[in-house]
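Below is one structure, written out as structure tokens; comments come after it.
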Amino acid sequence: MGYSSLQACVRELETRGMLRRINEEIDPSLEMAEIQRRVYLAQGPALLFARPKGCRFPMVSNLFGTLERTRFLFRRELEAVRHLVELKIDPNQLARRPWRYWDVPFSVWKMWVRRVNSGPVTACETTISQLPQLKSWPMDGGGFVTLPQVYSEDPHQPGFGKSNLGMYRVQLTGNDYVPDREIGLHYQIHRSIGVHHAHAVARGERLKVNIFVGGPPAMTLAAVMPLPEGLSELLFGAALGGRPIRMVTRKGELPYWADADFVITGSIDPQQTKTEGPFGDHLGYYSLPHQFPVMQVEKVYHRKDAIWPFTVVGRPPQEDTSFGEIIHEITGPIIPTVIPGVKAVHAVDAAGVHPLLLAIGSERYVPYATKRKPQELLTQANAILGQGQLSLAKYLFVTAHEDEPSLDIHDIEAYFQHVLRRVDWTRDLHFQTRTTMDTLDYSGSGFNEGSKVVVAAAGPVRRELPTSLPSELSLPGGFKNPRLCLPGVLVIEGPKFSAEGHDIRRFCESYSSESAINNFPLVLLVDDSEFAARTLNNWLWVTFTRSNPAVDIDGIGAFTEAKHWGCRGSLVIDARIKPHHAPPLVEDPKVSAKIDDLAAKGRSLAGLW
């Protein structure tokens with residue numbers, strides 16, 4: 005069976021040398037986050053901060069900091085849960101391969117919710133101001149919960165069956181929140197709690213919400229899982245944790261998890277909002293202050309030996325990268341069964357997840373054709389963009405499995421080379437304008453507003469990709485420092501962005517279709533070409549988080565024909581920072597210097613990275 009508590013998990017990790025206890029007093033405001041980021045990048049151990057400054061509750065981070073440790077946490081049930089998800093997708097698999105699914109009945113036997121009158125979490129009460137006030141980045145608006153499990157039920161159909169457990173960030177302090185009485189809930193579009201919110205509005209009722217923090221790690225993962233329709237997060241948590249979920253049920257109260265370390269109980273007025281944020285988020289920029297629901301706090305419970313788990317988000321990779329990897333391992337079989345013909349989909353972590361999707365599909369519409377071109381791929385692309393959070397993608401690249409069956413969707417450089425060798429910019433660009441975007445993405449035309457582009461490439465190789473800069477390459481005035489980022493991908497430093505200057509159009513119009521630059525199918529205009537070309541991750545981050553397709557894509561020899569836009573030469577993306585973009589995340593130099601000192605030889609953090 006899995007862990008019965010977070011305490012049991014921490015003890016085992018420490019015994020096995022997979023957790024480092026830090027006994028020196030560390031401030032939850034900026035210092036812990038700085039340490040966590042460094043240890044994560046070094047693929048270091050989980051961290052138990054025994055003496056948080058200004059708080060009596062120990063704090064633990066980096067539990068999921070490596071894929072190997074994440075697998076270890078769920079080692080007893082992981083394979084059975086994979087099998088369970090497969091059967092949820094296609095029950096006929098059981099008859100075809102019964103021996104593969106021998107472990108499923110044992111998981112199903114554990115998948116139930118046990119009602120109890122009390123539990124460890126009911127032992128003590130506290131207040132919001134006594135909880136750890138984690139602040140990860142200098143401009144964060146207050147203390148945040150970064151690993152919350154937010155529980156709500158459908159007002160139309162209360163009960164566990166229609167409940168939702170999601171990870172939506174929670175602001176504990178700051179802004180105009182009444183201390184100890186109000187906290188902020190930030191949930192984006194396409195989140196299941198939004199359905200409960202809408203039903204509460206329709207009924208004219210407050211929406212009851214409970215926020216769990218801590219507990220066995222299975223529920224933390226359950227809260228972020230994109231589960232198949234009809235599979236409850238509570239039941240999934242029971243399967244992954246290897247034991248039934250105990251829920252405290254009391255008359256007139258929303259149930260809360262008996263084995264959590266903390267639970268904040270309360271409700272929201274569906275018509276009331278307050279300013280939430282700013283907050284350093286997973287795209288690598290701040291999400292700015294906006295109006296979001298405010299929760300009226302009623303009680304704050306905790307167990308006697310409570311530990312506060314946290315993570316730090318920021319420019320990828322961070323600890324949530326491991327979440328994405330383990331989720332892919334568990335749910336990888338889902339997409340091909342939901343969307344016929346699609347072989348694989350990869351939300352690229354280094355680009356902030358939602359901005360960039362890569363896909364491999366099938367092109368079977370005209371099997372007798374001597375020259376394959378995108379046809380079925382376009383149907384599959386539309387289907388992908390209709391799937392839950394995948395619909396938030398800005399850039400979707402999709403290519404045909406038949407062209408290169410061995411293509412690995414996780415080998416990003418090889419994938420882009422495959423596409424760029426085949427793409428036809430006169431035919432293969434398909435835009436959606438004035439549509440929804442990720443709430444956290446500020447590259448669009450407004451809050452939750454922007455555009456998308458599908459690049460569908462199939463068929464024979466059209467070009468070979470240059471691997472060096474041509475000696476005859478000339479640049480228009482104000483543009484400089486060309487760098488080769490990938491084969492066929494050129495990054496060029498442009499002047500500081502000016503909306504009046506129309507720099508990208510001027511750049512494209514300075515070249516003819518015979519210009520040498522057209523040997524590069526993709527050209528990026530950036531603020532710092534050395535930085536963008538330094539690593540693959542830098543290029544992915546700059547390109548896909550700083551551009552809005554319909555506005556920031558242009559091309560050499562551009563044309564519009566029957567409302568279809570294309571170009572006969574290089575495609576050009578303006579990936580410079582614009583005035584409406586959110587500021588990127590930068591550490592506080594004083595905090596960095598202090599952590600450098602604590603990491604020196606003989607000091608408390610020595611050897612952690």
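Heads up: the sequence shown begins at 5 in this note's numbering, then just goes up one per residue.
Yeah, the Cβ is synthetic: ideal placement off N, Cα and C, and Gly gets one too.
This structure is a prediction, so every number in the text was calculated from the model and none was measured.
In this structure, DSSP gives residue 560 a state outside helix and strand, which the three-state scheme calls coil. Contact annotation, residue 258 with residue 212: C-beta distance approximately 4 Å; criterion of less than 8 Å satisfied. For the pair residue 534 and residue 580, the CB atoms are not nearer than the 8 Å cut-off.
When the beta-carbon positions are compared, residue 216 and residue 260 come within less than 8 Å of each other. Judged by DSSP in its simplified three-state form, residue 147 adopts coil rather than helix or strand.
Relative to residue 326, the option among 584, 77 and 528 whose CA is nearest is 77.
Nearest to residue 163 by alpha-carbon distance, out of 188, 51 and 252, is 252.
Residue 349 is positioned such that its CB atom lies closer than 8 Å to that of residue 361. As a beta-bridge residue in DSSP terms, residue 453 pairs with 440 and 450. Closest in alpha carbon position to residue 298, among 176, 556, 277 and 309, is 277.
DSSP, read as helix, strand or coil, puts residue 483 in coil. Per DSSP, the beta-bridge partners of residue 25 are 52. In terms of CA proximity to residue 316, 286 leads the group 26, 423, 602 and 286. About 18 Å separates the Cβ atoms of residue 137 and residue 293, ruling out a contact at the 8 Å cut-off. Residue 270: member of the beta strand (DSSP E) spanning 266-280, first to last residue. Taking a C-beta distance under 8 Å as the contact criterion, residue 284 and residue 318 qualify as a contact pair. As DSSP reads the structure, residue 578 sits in a beta bridge with 529. One thing to note: residue 536 has its Cβ no nearer than 8 Å to the Cβ of residue 477. Residue 147 and residue 492 have their C-alpha atoms roughly 45 Å apart. For residue 44, the enclosing alpha helix (DSSP H) begins and ends at 35-45.
The DSSP assignment places complete beta strand (DSSP E) segments of no fewer than 3 residues inside the stretch 171-239 at 173-175, 186-190 and 211-217, in order along the chain.
Closest option to residue 440, judged by alpha-carbon separation, among 393, 432 and 401: 393. Residue burial is scored here from C-beta neighbours: residue 119 has fewer than 16 other C-beta atoms within 10 angstroms and is therefore classed as exposed.
The C-beta separation of residue 307 from residue 127 comes to about 5 Å, placing the pair in contact by the 8 Å criterion.
Take residue 375, set aside five residues on each side of it, and the residues of its chain with a beta-carbon closer than 7 Å to its own are 463 and 464, in chain order. Residue 75 sits in a helix when the DSSP states are folded into three classes. Annotation: the continuous alpha helix (DSSP H) that includes residue 545 extends over 540-549. The distance from the Cβ of residue 281 to that of residue 549 is about 18 Å, inconsistent with a contact at the 8 Å cut-off. Around residue 79, the same chain offers no residue with a beta carbon nearer than 8 Å, after the five sequence neighbours per side are excluded. Bounds of the alpha helix (DSSP H) holding residue 598 are 593-602.
Residue 524 and residue 446 have their C-alpha atoms roughly 28 Å apart. Among the bridge pairs identified by DSSP, residue 283 is matched with 291. Under the three-state reduction of DSSP output, residue 427 falls in the coil class, being neither helix nor strand.
In the three-state scheme derived from DSSP, where H, G and I count as helix and E and B as strand, residue 570 is classed as strand. Counting only runs of 4 or more residues that sit fully inside the stretch 286-354, the alpha helix (DSSP H) segments are 324-335 and 338-342, in chain order. Per DSSP, residue 30 is not a residue of any alpha helix (DSSP H), being assigned neither H nor E.
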